[in-house]
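With UniProt numbering, letter number 180 in the sequence shown gets 180, and the count goes up by one each step, no holes.
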Amino acid sequence: MEDYKKTIVGPQVSLKEAIRVLEASDAAITLIADEAGRLLGTLTDGDIRRAMIRGVGLSDSVAEAMCTSPTSAPLGTEDDALKALVSGNIRHIPLLDKQGHIRGLRVRRELIRPNKKNNLVVLMVGGLGTRLRPLTNDCPKPLLPVGGRPILETIIKQFIEFGFSRFYLTVNFQGQQIKDYFGDGSNFGVQIGYVEEEQRLGTAGALSLLPETPTEPVVVMNGDLLTKANFHHLIEFINKYQAKAVMGVKEYDVQVPYGVVNLKEKDELQISGIDEKPVHRYFVNAGIYALSPEAISQIPKGEFYDMPTLFEAMLAKGEKALAFPIREYWTDIGQLDEYNRANEEFDQHFR
1 MEDYKKTIVG PQVSLKEAIR VLEASDAAIT LIADEAGRLL GTLTDGDIRR
51 AMIRGVGLSD SVAEAMCTSP TSAPLGTEDD ALKALVSGNI RHIPLLDKQG
101 HIRGLRVRRE LIRPNKKNNL VVLMVGGLGT RLRPLTNDCP KPLLPVGGRP
151 ILETIIKQFI EFGFSRFYLT VNFQGQQIKD YFGDGSNFGV QIGYVEEEQR
201 LGTAGALSLL PETPTEPVVV MNGDLLTKAN FHHLIEFINK YQAKAVMGVK
251 EYDVQVPYGV VNLKEKDELQ ISGIDEKPVH RYFVNAGIYA LSPEAISQIP
301 KGEFYDMPTL FEAMLAKGEK ALAFPIREYW TDIGQLDEYN RANEEFDQHF
351 R
């Protein structure tokens with residue numbers, strides 16, 4: 001990779017800045033080096049997700065999140081590095097000189113195309129789009145243009161980039177327009193089928209109407225999202241941890257606009273401290289899921305059933321349901337200001 005230098009940052013930069021560098025590069029990695037250019041660590045999607053789960057914030061230094069023992073190779077052993085990338089479970093190999101200075105970077109995805117996946121993708125596109133009226137009076141929300149093409153077309157193309165080719169679209173309101181546009185998917189090089197909701201079934205209920213029984217994890221996503229989430233990593237995640245269900249989550253910050261006064265528990269009038277405009281961090285449901293066949297089999301047939309209800313039912317039975325932090329670009333196009341912002345940001349994130 002010739003432009004590897006663009007992926008290098010110092011250990012003092014914030015995690016937020018390191019993520020910006022990662023997203024700006026096709027390498028999907030940030031290299032962390034000291035002032036002399038010696039490798040200290042690396043930052044990938046997985047490192048970011050693990051750090052977020054540990055409570056590392058975007059304003060903390062990248063050193064708190066980086067992998068401090070990354071795989072590397074000596075300069076001059078490029079052929080061996082390439083073999084390791086192709087044959088192993090390694091995506092990036094920095095090349096170092098004898099003093100440990102970064103002299104190059106080999107990236108697995110430069111060498112091989114993503115494997116074609118047999119996993120089904122179910123996109124929920126039957127919503128009424130009431131908050132976007134009058135734009136949705138005569139056009140279903142998934143067909144609204146963002147960046148010059150329908151939202152749903154961009155979503156499908158993102159999945160195609162990661163090797164997915166089998167789709168089901170759950171349709172209800174103005175569903176015929178969606179079927180007319182996408183057809184059987186052959187114009188996009190994929191297979192598209194449809195699940196007809198005669199009545200609204202919630203964010204999970206339509207999965208009970210799938211015309212085939214899945215044998216592998218299924219990716220489910222709301223049809224009004226634009227994201228650069230790595231769907232390949234999502235499937236890897238549910239398989240690696242053998243979870244019954246995985247929910248994509250996005251970090252959401254809420255800042256209190258005032259100084260928060262803390263009081264002692266036993267003396268309610270005694271001030272114990274003051275936090276000036278504190279920021280509270282939460283993980284919110286991002287509308288992206290990976291569900292095992294066992295999870296889908298628990299959805300009642302043809303009944304209204306929301307995805308949070310499914311997760312709560314599994315948790316009540318002690319089944320493994322995990323969170324998958326999404327650090328990439330993500331926006332929910334639910335209201336007019338969000339729709340306008342998605343159009344403004346489109347060229348920064350999609351091609």
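A virtual CB, placed ideally from N, CA and C, is assigned to each residue, including glycine.
Query raised in the report: Distance, Cα to Cα, A243 vs G318?
Result: 11 angstroms
Relative to the alpha-carbon of Y289, which residue among V249, R106, E268 and R327 has its alpha-carbon at the smallest distance?
V249
Check: Taking L75 as the reference, which of I93, R91 and D97 has the closest Cα?
Finding: D97
Start and end residues, alpha helix (DSSP H) containing G175: G175 to F182
| message | Could you tell me the alpha carbon to alpha carbon distance between P325 and L291, rounded to whole angstroms? | response | 16 angstroms
- Limits of the alpha helix (DSSP H) - the one that P325 falls within: Segment A321 to P325 is the beta strand (DSSP E) holding P325; no alpha helix (DSSP H) there.
Checklist line | beta strand (DSSP E) segment containing F231, residue limits | finding: No beta strand (DSSP E) contains F231, which is instead part of the alpha helix (DSSP H) from F231 to K240.
Y258 versus G57: straight-line alpha-carbon distance, rounded:
21 angstroms
- Compare the Cα-Cα distances from N222 to each of A295, P211, V171 and S72 and report the closest residue. V171
query = Would you call Y4 buried or exposed, if buried means 16 or more other Cβ atoms sit within 10 Å of its Cβ?
reply = buried
* Endpoints, beta strand (DSSP E) assigned at I93 -> H92 to L96
Is L322 closer than 8 angstroms to Y241 when the C-beta atoms are compared?
yes
*Taking one C-beta from the stretch 212-226 and one from the stretch 194-201 each time, how about it: are there three or more such pairs within less than 8 angstroms?*
no
Q.
So the candidates are D306, F283 and Q335; which of them puts its Cα closest to the Cα of R54?
A. F283
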